[in-house]
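What follows is a single structure, written as structure tokens, with notes after it.
Number of protein chains: 2
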Amino acid sequence: MATLVTIGQAAKQTGLSAKMIRHYEEAGLLHKANRTEAGYRLYNSQQLQQLNFIRQARALGFSIAQVSSLLDLWRDPQRSSKEVKQLAEQHLDEIKEKVAELQQMQQILQQLADSCCADDQPQCAILDGLQK
Amino acid sequence: MATLVTIGQAAKQTGLSAKMIRHYEEAGLLHKANRTEAGYRLYNSQQLQQLNFIRQARALGFSIAQVSSLLDLWRDPQRSSKEVKQLAEQHLDEIKEKVAELQQMQQILQQLADSCCADDQPQCAILDGLQK
DNA sequence: CTAAAGCTTGCCCTTAGGGTAAGGTCAACT
DNA sequence: AGTTGACCTTACCCTAAGGGCAAGCTTTAG
Chain A
13 MATLVTIGQA AKQTGLSAKM IRHYEEAGLL HKANRTEAGY RLYNSQQLQQ
63 LNFIRQARAL GFSIAQVSSL LDLWRDPQRS SKEVKQLAEQ HLDEIKEKVA
113 ELQQMQQILQ QLADSCCADD QPQCAILDGL QK
Chain B
13 MATLVTIGQA AKQTGLSAKM IRHYEEAGLL HKANRTEAGY RLYNSQQLQQ
63 LNFIRQARAL GFSIAQVSSL LDLWRDPQRS SKEVKQLAEQ HLDEIKEKVA
113 ELQQMQQILQ QLADSCCADD QPQCAILDGL QK
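Protein chains in written order, with the working numbering: chain A, 13 to 144; chain B, 13 to 144.
Now the structure itself:
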């Protein structure tokens, strides 16, 4: 028998916020939840599992659109793991690009910071570097 | 004598977009630009220098609020380089934190991707990993 | 004179939700 | 029965840093 929980319980059990869950529903990641007569959303264990999937995917940095694609594949028994991996590799490339960009910033900024005397004088290598 | 340029020229010379320049003005980074009688913004070389400063700082990932602080220090002859360095170090810490976070994602995602056979079968280690 | 290019403001859009308000519902306690 | 507090609903505004577009004015080139 299916145990049904309201959105607050679902949030607690999945580590999401109620706001997020509604947001995901509106974004089309989840099918619209069943409601009580009073209009309260109800979630069964399968839906909780989907919410959990979403949380994990979001924690790995997938965008909501990407999670939507992942969910589609997850739900599709005809999927090929190739497709899944392609999505993952794509996201992986995005991550690597961001890391490289940030490390580039970090390196330059560290150089500037290292050459700043950090005293009470106005002369500052960081500002000079930004000015050039 | 000061050569004055309109916003399009200023954009071209600083590598910013006209939209960005207006945005920075509205955000309070620049003092309001002088206008022609027709209402066109005019920029002198000092203002172009400030726009350049902003571009450099933004390229290093400083937020507009942080750039605002940097500009204040830059314009203040009484500044101490300590203050500047503190801002830089703070931003540096933010960058390092983001890098660490992304690398964490990258590592997990790479593991999942590596263990995915990437064939035509539905069985997929990535989806399994997201489900757990 | 006219067409093209440049400028103006204003509005909506983006991501992934957070915060709050106004109001309906449910369970417990008095 | 009444009430309080916790929980739920929708709706609206807010975030960062602009992009894109529309309507309308100005300037420049032909």
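The beta carbon of each residue, even a glycine, is placed where N, CA and C say it ideally should be.
Expressed to the nearest angstrom, what Euclidean distance is found between the alpha-carbon atoms of K108 of chain A and Q118 of chain B?
For this step, residue 108 of chain A is matched to residue 96 along the first sequence. For this step, residue 118 of chain B is matched to residue 106 along the second sequence. One C-alpha to the other measures close to 7 Å.
Counting contacts by CB-CB distance shorter than 9 Å, is V96 of chain B in contact with chain A?
The residue you call residue 96 of chain B lines up with position 84 of the second sequence. Output row for V96 of chain B: interface = yes.
List the residues of chain B whose Cβ lies closer than 7 Å to the Cβ of M117 of chain A, in chain order.
Looking up residue 117 of chain A in the first sequence gives position 105. L72, G73, I107, listed in chain order.
One question on the structure: do S93 of chain B and A137 of chain A come within less than 9 Å of each other, judged by their Cβ atoms?
For the purposes of this step, residue 93 of chain B is identified with residue 81 of the second sequence, where counting begins at 1. For the purposes of this step, residue 137 of chain A is identified with residue 125 of the first sequence, where counting begins at 1. Against a cut-off of 9 Å, the Cβ pair of A137 of chain A and S93 of chain B comes out as a contact.
Would you tell me roughly how many angstroms separate the C-alpha atoms of I120 of chain B and I66 of chain B, rounded to the nearest one?
Within the second sequence, the letter at position 108 stands for residue 120 of chain B. Within the second sequence, the letter at position 54 stands for residue 66 of chain B. Their backbone Cα atoms lie some 36 Å apart in a straight line.
Could you check what DSSP says for R64 of chain A in three-state terms: helix, strand or coil?
On the first sequence, residue 64 of chain A is found 52 positions in, with the first residue counted as 1. In the sequence as presented, Arg is not what sits at residue 64 of chain A; that position holds Asn. Helix, per DSSP.
Going by beta carbon distance, what residues of the same chain come within less than 6 Å of I76 of chain B, once the five residues before and after it are set aside?
Against the second sequence, residue 76 of chain B aligns to sequence position 64. Closer than 6 Å at the Cβ level, and outside the excluded window around I76 of chain B, lie A39.
Determine which residues share a DSSP beta bridge with Y55 of chain B and list them.
Stepping through the second sequence from its first residue, residue 55 of chain B is reached at position 43. According to DSSP, Y55 of chain B bridges with B:V17.
Got a sec: which bits of the region 13 to 40 of chain A sit with their beta carbon under 8 Å from any beta carbon on chain B, in order along the chain?
Result list empty, no residue passes.
Quick one: is E49 of chain A near chain B, going by C-beta distance under 9 Å?
For this step, residue 49 of chain A is matched to residue 37 along the first sequence. Cβ-Cβ to chain B under 9 Å: no for E49 of chain A.
Specify the secondary structure class of R91 of chain B as computed by DSSP and reduced to three states.
Within the second sequence, the letter at position 79 stands for residue 91 of chain B. Of the three classes helix, strand and coil, the one that applies to R91 of chain B here is coil, per DSSP.
Chain A beta carbons: is any one of them nearer than 9 Å to that of S93 of chain B?
Counting from one through the second sequence, the residue named residue 93 of chain B turns up at place 81. Yes, S93 of chain B counts as interfacial toward chain A.
On the CB-based measure, 16 or more other CB atoms within 10 Å of its CB, does R47 of chain A come out buried or exposed?
For the purposes of this step, residue 47 of chain A is taken as residue 35 along the first sequence, with counting starting at 1. When all chains shown are included, R47 of chain A counts as exposed.
For a quick check, are the C-beta atoms of Q143 of chain A and Q61 of chain B less than 9 Å apart?
In the first sequence, counting from the first residue as 1, residue 143 of chain A sits at position 131. In the second sequence, counting from the first residue as 1, residue 61 of chain B sits at position 49. Yes.
Express the C-alpha separation of L85 of chain B and A50 of chain B in angstroms, rounding to a whole number.
Your numbering for residue 50 of chain B matches position 38 in the second sequence. Your numbering for residue 85 of chain B matches position 73 in the second sequence. Distance between the alpha carbons of A50 of chain B and L85 of chain B is about 34 Å.
What residues of chain A sit near L114 of chain B, judged by a beta carbon separation below 8 Å?
If you number the second sequence from 1, residue 114 of chain B lands on position 102. In chain order: G73, I107, K110, V111, L114.
Starting from R47 of chain A, follow its DSSP beta bridges and name the residues at the other end.
Against the first sequence, residue 47 of chain A aligns to sequence position 35. According to DSSP, R47 of chain A bridges with A:R53.
Return the Cβ separation of I19 of chain A and R53 of chain A in integer angstroms, given the expectation that the two are a contact with Cβ distance under 8 Å.
By one-based count along the first sequence, residue 19 of chain A stands at place 7. By one-based count along the first sequence, residue 53 of chain A stands at place 41. About 5 Å separates the two Cβ atoms, so the contact holds.
So E37 of chain A and A45 of chain A are in contact, right, with Cβ under 8 Å, and what is the actual spacing, rounded?
Here the question's residue 37 of chain A lines up with position 25 in the first sequence. Here the question's residue 45 of chain A lines up with position 33 in the first sequence. Correct: roughly 6 Å between the Cβ atoms.
Consult DSSP for L83 of chain A and reduce its assignment to one of helix, strand or coil.
As a position in the first sequence, residue 83 of chain A is number 71, starting the count at 1. The answer is helix: DSSP assigns L83 of chain A an H, G or I state.
Secondary structure at Q25 of chain B, three-state DSSP: helix, strand or coil?
Along the second sequence, read from residue 1 onward, the residue named residue 25 of chain B stands at position 13. Helix at Q25 of chain B.
Within 10 angstroms of its Cβ, does Q123 of chain B collect 16 or more other Cβ (buried), or is it exposed?
If you number the second sequence from 1, residue 123 of chain B lands on position 111. Per the 10 Å Cβ criterion, exposed.
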